[in-house]
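Colleague:
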Amino acid sequence: MPPTPDRDPGTRGGSAGGRGLPRTSSGFPNNRGPGTPWLRTRGRAGAPLGSDRNGANNAGFGPAAATPQLPQPPAWTRALPDTSAAVTTIGVKRAAFGQSGRTLQVYTNHFKTSIPEGLIYHYDVIDGGNKTLPLRLNMEIVKRLQKVVAPEVFTPPAVYDGRKNMFAPRQLSLGPTDAQEVKEGGPRRRGPRVYSVKLTLVKTINTEVLRRFVAGKQSHDNDVLTAITALNVAVRMQPSLDYPFNARSFFTNRETKDIGGGIVLWRGYFQSVRPAIGRMLINVDITTGFMYKPGRLLDLALDYLGKTRADPNFLAPTRGLPERERLRLQRFLSGVRIQVYIPGRDLSGSAHRNPRPVYKLTPVGAKNLSFKNRDGITTNVMEYFQSVHNYTLRFPDVICVEFASGAQIPMECCFVPEGQFMRKQVPPEKVKDVLAFSAKSPQERLKSICDGLQTLAYSGSDYVREFGMQVEERHLTVQARVLTAPTLKYGEGSQQPTVVPKRDWQGEWNMIDKKFYEPVSLQRWIVVIYESPRYFRMADAEAMVKSFLLKFQDVGIEVGERDPIIRYGNSSGNIPAQLKDIGHQCLLKHGKDGGPQLIVVVLPEMADDIYHQVKYFGDIIQGVPTQCLKSWNCKQSKPQYYANVCLKINMKMGGINVILDPRSVAALTDPHNPTMVMGADVNHPAPGSDYGRPSFTSLVGSVDSDSSRYVAQCRPQTARVEIIEDLQDMAENILRLYKNYRTQKEKKRFDLKRILYYRDGVSEGEFVQVLQQELPQLKAACAKFGIDPKITVVVVGKRHHVRFFPMRPEDADFSGNCPAGTVVDSDITHPTEFDFYLQSPTSRSAHYSVLYDENNFTPDHLQGLSYALCHVHARTTRSVSIPAAIYYAGIVGKRAKLHYPIGSYKHLDDSSSQLSSAEADRKMTEFRTEFHAVHENSSYLMYFA
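In terms of this note's numbering, the sequence shown has 442 at position 303, counting the first letter as 1, and numbering is strictly consecutive.
1) Below 8 Å on the Cβ atoms is my contact criterion, and I expect residue 369 with residue 259 to pass it. Report the Cβ-Cβ distance as a whole number of Å.
2) Is residue 419 helix, strand or coil by DSSP?
3) Report the residue ranges of all alpha helix (DSSP H) runs contained in full by the stretch 766 to 812; include only those spanning at least 4 residues, in chain order.
4) Within 10 angstroms of its Cβ, does residue 674 collect 16 or more other Cβ (buried), or is it exposed?
5) For the beta strand (DSSP E) holding residue 834, just list the boundary residues, first then last.
6) DSSP state of residue 974, grouped into three classes?
7) Since residue 721 is in the alpha helix (DSSP H), which residue starts that stretch and which ends it?
8) Where do the ends of the beta strand (DSSP E) carrying residue 501 lie?
9) Which partner residues does residue 244 have in the DSSP bridge list?
10) Around the Cβ of residue 315, are there at least 16 other Cβ atoms within 10 angstroms (buried) or fewer (exposed)?
11) Tell me which residue opens and which closes the alpha helix (DSSP H) that residue 1080 is part of.
12) Locate the beta strand (DSSP E) running through residue 345, then write down its first and last residues.
13) Could you pull the start and end residues of the alpha helix (DSSP H) that residue 752 belongs to?
14) Could you check what DSSP says for residue 209 in three-state terms: helix, strand or coil?
15) For residue 297, which residues in the same chain have their Cβ closer than 6 Å to its Cβ, ignoring the five residues on either side in sequence?
16) How close, in whole Å, do the beta carbons of residue 766 and residue 798 come, if the pair is a contact with beta carbons under 8 Å?
17) To the nearest angstrom, how far is it from the Cα of residue 485 to the Cα of residue 550?
18) Would DSSP call residue 184 helix, strand or coil?
19) Please return the same chain residues whose Cβ sits closer than 7 Å to the Cβ of residue 1083, not counting the five positions on each side in sequence.
20) Does residue 451 pass the burial test, meaning 16 or more other C-beta atoms within 10 Å, or should it be called exposed?
21) What would DSSP say about residue 608, mapped onto helix, strand or coil?
22) Within 7 Å: the Cβ of residue 493 and any heavy atom of the ligand HEM?
23) Looking only at its chain, what residues have a beta carbon closer than 6 Å to the beta carbon of residue 244, apart from the 5 residues adjacent to it on each side?
24) Once the 5 residues before and after residue 240 are set aside, which same chain residues still bring their CB inside 6 Å of it?
25) Roughly how many angstroms separate the alpha carbons of residue 164 and residue 783, rounded to a whole number?
26) Under 6 Å Cβ to Cβ from residue 679, same chain only, skipping five residues before and after it: list those, please.
27) Mind reading off the beta-carbon distance from residue 539 to residue 477? Whole number of angstroms is fine, and I expect it under 8 Å.
28) List the whole-angstrom C-beta distance separating residue 311 from residue 338, where the pair is believed to meet the contact cut-off of C-beta under 8 Å.
29) Out of 870, 1060, 392 and 607, which one is the CA nearest neighbour of residue 856?
30) What does residue 962 pair with, by DSSP beta-bridge criteria?
31) Got a sec? Which residues, its chain only, sit under 6 Å from residue 691 by beta carbon, not counting five neighbours each side?
32) How many Å lie between residue 809 and residue 964 at the Cα?
33) Would you list the residues sitting across from residue 853 in a DSSP beta bridge?
34) For residue 261, which residues does DSSP report across the bridge?
35) DSSP on residue 815, reduced to helix/strand/coil?
36) Start and end of the alpha helix (DSSP H) containing residue 1024?
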């Protein structure tokens, strides 16, 4: 079964190779060794955690078995780093490689590159006007500077990142002070505009530091970071001049797809120079870019509003353009660069001018936009174009574009150049088109990557050649292992009480002949229907109830009420009041037994507002589980659908679907070392949609001894701040719930010994902040409860570009991907730190970086635990791509708006333009004030399941 979203059974970033932050010399207090510099003590990966009862070390899975001998690749790829105190790391030092599982060879999208000889000269680039110019313009200025203005200085050419950094393979002739200011001007209609560029030598790096770093004999310091950055800028320089680029990717129009809505997809290529064990590699991948549809702005606007074939006068307020649609279009077009031209005339006359970005759209059409010209005479935009440009507007009622300068241009005189990134959120209805364009079979993807090397043309780049880099054009083959899946345990009465997902199942199993490990008892429930009675009749509702009763029996849920109250609701009315009234009818029906334990709600299509109100009522106001279903699915679905829904209902009501067999994960379920698994995430506003919206932080933690039941906390915080500001308070609430469950439900002592903290969404440049800001908060929360558990911090990255491809067809799964449980912890991993890639049944692995480890997990134990935790996601009967705790944290963050009353959230979210700093602060305060925590009853339940 695939994971089932709540409405119906039915997706951060890495770094380019450097950590992104310079090494700090400040100390970090460690509970295990006060005063010890934090960069040096993190625990050691590789220390034995303990063996099973037979003395074998098998990652905590199943009965003891002999560890297979692994074929060794070249020795230098398996060499461990220098473990002396002289070499410091941000995360835990690697002290061993994993050994568990069967071995196989896989291809990866990495290409070996040589490390340059000699020195790299780092220059600071400053615009003399102290203005922040667009990246593309900066690149053009420096290109002209090197090739036209001062070629004698830039021989051989230097490379530039578009901002502040320039790197040269030889020292530039800038005079005795190693600094020089150069003026460069380009042709403009009103005379050349002169840009002043000042270059100053700030650092000279010996590339020997890179050789020492990849050999594990050098700490990750500023020199290493700068050298890696220089190599990245070198390989990106030529593509950045030739193609549209975005961060570490560039895009070509050789493969495009118009998906409507004013969006065109372009195929692109990602590249990043990264250090690995014993060598430098270039990670190359294909990616997808979102571009504005080029051509007339009128066509783009109509396409976005879904009026492709409409009369352009649809964009005229006097012809019926709603104000909300104008504001929506303004948000979409804000920032797009346009060229001004007169229709019917040669566009080339305008082409030499830099396109200007749209600031906003005018509220009225051209003929109603009045202004005073240079002579002080009042005129309007329509008359101005007639008198100055001898052009009569065809659509004078259509709204105009306004630049930041205040200039107002009729839409029909605006042209959108090709290759402009659309940085707004992609509409939900377009996601399927994006996935169809992006999706490729593993074999097709690898071929596209290899073909992309021809476009990257490393061998033909003067910049790469002058830096002395030689790139091998054959992708690497690396050693991988396939871990054994854990044993899963179901409840009493199951004909198949345990299951081990087999290799040919690809991480999947089913509920046939199985009952939930801890099924709930459902004595009182109601069904509320918001679909039209003409489409979803009472007979349909009764058939749905019958299907539920049959499936409840199959999975072990005890049902006391077989004839729940069924009522139709008014979708235009007060939803919470209706639910409360129907719940009161249930209370009257059952008397002293109480109201409903579960509310099942049947929704029509496009019912987001109803869904929001149902969830707010259930989770926040009343503290009763709710399950929303789409009417179409209820009418058409087979028993499998209701089995999927039962997975969610059982967890929401306090049951447990399945657990990991304790013998299979002894390291996690050791009764002498009670363990909590935590997952944390930060959910940010969609690109281009900040407008005062906050980010939402989420923290979940397991409360039972089997790490299968989780509780959650959620908070709003300042937009786009990745570090969790209120982690201590959130962790204290999680620990309180854990203590209550442990002592009251399980009747055990509150004696938490270990915390496994999985953190999602953190880039490599923010690892230091996690250790300096989040870890102390977690420890402070524990101290409040008088406990001192040993903590392991693991950052899990999903949005990276590392891919693995099975070398032999017989090693692939049915889709051609590597099998579930594939793990790689050598060859391409960090030179000195404990990290690994683990692939559950998807095309993309997750990247695990161990930042802190007081539990001294071995690689086999931590890899095995992480893989096992991918199998206990409550919504599905298959393993998921990341540990369930992180998956849950992501769900909690994404549904955070449900913590606001529907009217309140819409009011807070109605900004249509960027806010000032003071306005943003006020808005943030409102978001914090209006945010409501879940009801106390819900806080103990997996309401988010």
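In this text, a Cβ means the ideal position worked out from N, Cα and C, and glycines have one as well.
Modeller: Put simply:
1) 5 Å
2) strand
3) 770 to 775, 778 to 791 and 805 to 808
4) exposed
5) 834 to 841
6) strand
7) 714 to 729
8) 499 to 504
9) 618
10) exposed
11) Where residue 1080 is concerned, there is no enclosing alpha helix (DSSP H), given that its DSSP letter is neither H nor E.
12) 332 to 345
13) 747 to 754
14) Its pLDDT being 36, under 50, residue 209 is placed unreliably in this model, and the value from its coordinates should be taken loosely. Three-state result, residue 209: coil.
15) 305 and 307
16) Going by Cβ atoms, the distance from residue 766 to residue 798 rounds to 23 Å, so no, they are not a contact pair.
17) 17 Å
18) Unreliable placement is indicated for residue 184, whose pLDDT of 44 sits below 50; no coordinate value is reported for it.
19) 851, 1027, 1030, 1031 and 1034
20) buried
21) coil
22) Only the bare structure without any ligand can be found here, which leaves the ligand HEM out of the picture.
23) 616 and 946
24) 620, 621 and 622
25) Reliability fails at residue 164, whose pLDDT of 35 lies under 50, so the model's placement of it is uncertain and the value that follows must be treated cautiously. In a straight line, the C-alpha of residue 164 is about 52 Å away from that of residue 783.
26) 774
27) Between residue 477 and residue 539 the Cβ distance is about 12 Å, and since that is not below 8 Å, they are no contact.
28) 7 Å
29) 1060
30) 620 and 977
31) 698
32) 26 Å
33) 837
34) 306 and 342
35) strand
36) 1023 to 1033
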